[in-house]
Amino acid sequence: MGKPHAIVAPYPVQGHVIPHMELSHRLVNCGFKITFVNTEYNHKRIAATLHNGQEDNQIHMVAISDGLLAAEDRNDIGKLTEAVIRVLPREVETLIKNINGSDNQDDITCIISDMGWVLELGPKMGIQTAAFFTMGAGPVALMSNITKLIDTGIINPDGTLIKDQIVQLSTAMPAMKTSHFIWLCFHDLNTQKIAFDSTVKNTQLTECANWILCNTSYELEPAALALIPNVLPIGPLLASSTLGQSLGHFWPEDSTCLTWLNQQPARSVVYVAFGSFTIFDCIQFHELALGLELSDKPFLWVVRPDMTKESSDAYPEGFHDRVAIRAQMVGWAPQQKVLSHPSIACFISHCGWNSTLESVSNGVPFLCWPYFADQFSNQSQICDVWKVGLELNKDQSGIVSQKEIKEKVEKLLGCDGIRTRISELKEKVTKSLSHGGSSSRNFEMFVDGIQK
Ligand code: UDP
0 MGKPHAIVAP YPVQGHVIPH MELSHRLVNC GFKITFVNTE YNHKRIAATL
50 HNGQEDNQIH MVAISDGLLA AEDRNDIGKL TEAVIRVLPR EVETLIKNIN
100 GSDNQDDITC IISDMGWVLE LGPKMGIQTA AFFTMGAGPV ALMSNITKLI
150 DTGIINPDGT LIKDQIVQLS TAMPAMKTSH FIWLCFHDLN TQKIAFDSTV
200 KNTQLTECAN WILCNTSYEL EPAALALIPN VLPIGPLLAS STLGQSLGHF
250 WPEDSTCLTW LNQQPARSVV YVAFGSFTIF DCIQFHELAL GLELSDKPFL
300 WVVRPDMTKE SSDAYPEGFH DRVAIRAQMV GWAPQQKVLS HPSIACFISH
350 CGWNSTLESV SNGVPFLCWP YFADQFSNQS QICDVWKVGL ELNKDQSGIV
400 SQKEIKEKVE KLLGCDGIRT RISELKEKVT KSLSHGGSSS RNFEMFVDGI
450 QK
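Numbering (numbering that gives the first Met the number 0), first residue to last: 0 to 451.
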């Protein structure tokens, strides 16, 4: 018999591709052959970030259509989701048929994806399946309870709120605002509707997978995991622990900031990054810049090329000159390496789940500034449950002011309790991933099971 061969097909956005890549490398280490499926659009972006010799020799990367035209906007989640559901499963099916029909390749023995429509191919083609949730168990538990939310009169059957209120999924779970339900945290009604419908369907389909994996651990989210006993936590998966290098990134990393970090005092630098989607208008971008300047600390700020709505230079006048001796701005950072650097003091973050896991794994406390989707519930996990961060609040005009940024940076760095708790959480997470730890045992169980 040949090697076990997994086809790995993530939902095609940055925050889903990276953890699927990390899972793939773990499986390579366990003797798996991996065929990793990106959309053509993402494949080109990833390839463009690699230098000579940096290609991934262990994983076979393939590209398929995402169903959108070249010029269409991949940041429009509604549009992307509809196109992907329509096209991607068919493309993956053809790919599997080609691989399994050829004499010189090991047959695909399992399908790994966070998209139920791709997992649905498994039973049809006689192949085992594993759903892999790249978000926390809290949002997964919420999605699994949608029927209950409808039955108990909290939401309408179309996902809209009956009234704005505070609810708890169980007595052990944190209280949450209903307006923070994932599908309601998108910025327009059409995307909210598509997000709700696709969430309902995806949850039904993923529940039929042979394995349901989640990038979390019992130590991080015991209450949420108790609500979804069919889900196996195997995280946090980090590239740095298996690879020491980042792969599957859509922007080229600027590693010069690591040299700069080497020159900063221990625990002095404020790291500021908002993941791959967050967009600021010029007023908010301006205010953030002034807040970092006012906070009087060294800072490393990731300013993606597409981060402001307006393409012109959004920095306040004279900003670069005034902060030059204590600041670095980069287009895309090697974030996992940055967060593990001893010079980092705290993380101003949009609370994407990957960023959250990376910060916790390195014992770095948070200032939370969520943008959309599950980031509001991740903020609540960070601030209300783990108590390892503070919220940045908006003023009456909907802006996080420079004063708020300065005051919260000071408050966070002066809080010994938060520092102690984040160190304890880091310890627990490290233990769960080490030999015999809960996530490590779950991962071994999955690897053994999926090969039978
Ligand atoms: N990331 C990175 N460099 C950056 C910003 C982000 O490598 O400058 C990575 C980060 O480490 C994380 C991912 O991009 O693994 C972002 O995922 P997350 O879930 O935090 O946010 P999303 O992009 O999905 O909103």
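From the three backbone atoms N, C-alpha and C, an ideal C-beta is built for every residue, glycine too. Fair warning: this is a prediction, and the values are worked out from it, not measured in the lab.
- In the three-state DSSP reduction, M114 falls in the coil class, being neither helix nor strand.
- With contacts defined as CB atoms closer than 8 Å, I233 and F445 qualify as a contacting pair.
- Across the set I343, D280, F298, E92, the C-alpha of D280 shows the shortest separation from the C-alpha of A313.
- Counting C-beta pairs closer than 8 Å gives fewer than three between the segment 250 to 264 and the segment 348 to 362, which falls short of the contact rule.
- Excluding the 5 residues flanking it on each side, R321 has same chain C-beta neighbours closer than 7 Å at E292, in chain order.
- The alpha-carbon separation between I153 and K192 amounts to approximately 16 Å.
- When only Cα atoms are considered, P315 and H285 end up about 6 Å apart.
- Going by DSSP, M60 is part of the beta strand (DSSP E) stretching over 58 to 63.
- Distance from the Cα of D196 is smallest, within the candidate group W259, F273, G115, for G115.
- Proximity of the beta carbon of W331 to the ligand UDP is indicated: a heavy atom of the ligand is located closer than 7 Å.
- At the C-beta level, A174 and W182 stay beyond 8 Å of one another.
- Within the segment 295 to 352, the complete alpha helix (DSSP H) segments of 4 residues or longer fall at 318 to 322, 334 to 338, listed in chain order.
- The C-beta distance from W368 to L389 rounds to 10 Å, too long to meet the 8 Å contact threshold.
- Of the candidates V86, E39, K386, K386 places its Cα closest to the Cα of G362.
- In the three-state scheme derived from DSSP, where H, G and I count as helix and E and B as strand, K32 is classed as strand.
- Going by C-alpha positions, I381 is about 49 Å away from N103.
- In chain order, F249, S275 place their CB closer than 6 Å to the CB of Q13, counting only its own chain and leaving out the 5 sequence neighbours on each side.
- Closest option to L168, judged by alpha-carbon separation, among G137, I161, D187, G158: G137.
- Taken in chain order, the complete alpha helix (DSSP H) segments of 4 residues or longer contained in the segment 187 to 273 are 188 to 205, 221 to 226, 238 to 241, 255 to 261.
- For the alpha helix (DSSP H) assignment, the segment 77 to 117 encloses no uninterrupted run of at least 4 residues.
- With the rule of 3 Cβ pairs closer than 8 Å, the segment 157 to 167 does not count as touching the segment 210 to 219.
- A direct Cα-Cα distance of roughly 15 Å separates V269 from S354.
- Taken through DSSP and simplified to helix, strand or coil, C414 comes out as coil.
- A129 counts as buried, since no fewer than 16 other beta carbons sit within 10 angstroms of its beta carbon.
- Counting the other Cβ atoms within 10 Å of the Cβ of A70 gives fewer than 16, which makes it exposed.
- Contact between L299 and V337 is confirmed by a C-beta separation of about 7 Å, below the 8 Å threshold.
- In the DSSP assignment, Q127 falls within the unbroken beta strand (DSSP E) covering 127 to 132.
- Cβ atoms of L246 and A344 stay farther apart than 8 Å, at about 28 Å.
- A straight-line Cα-Cα distance of about 12 Å links N37 and S112.
- A residue is called buried when at least 16 other Cβ atoms come within 10 angstroms of its Cβ; H434 does not meet this threshold and is exposed.
- If you check the CB distance, E39 and I63 come in under 8 Å.
- In this structure F185 is in contact with I76, their Cβ atoms being roughly 7 Å apart against a cut-off of 8 Å.
- Cβ atoms of P297 and S339 stay farther apart than 8 Å, at about 17 Å.
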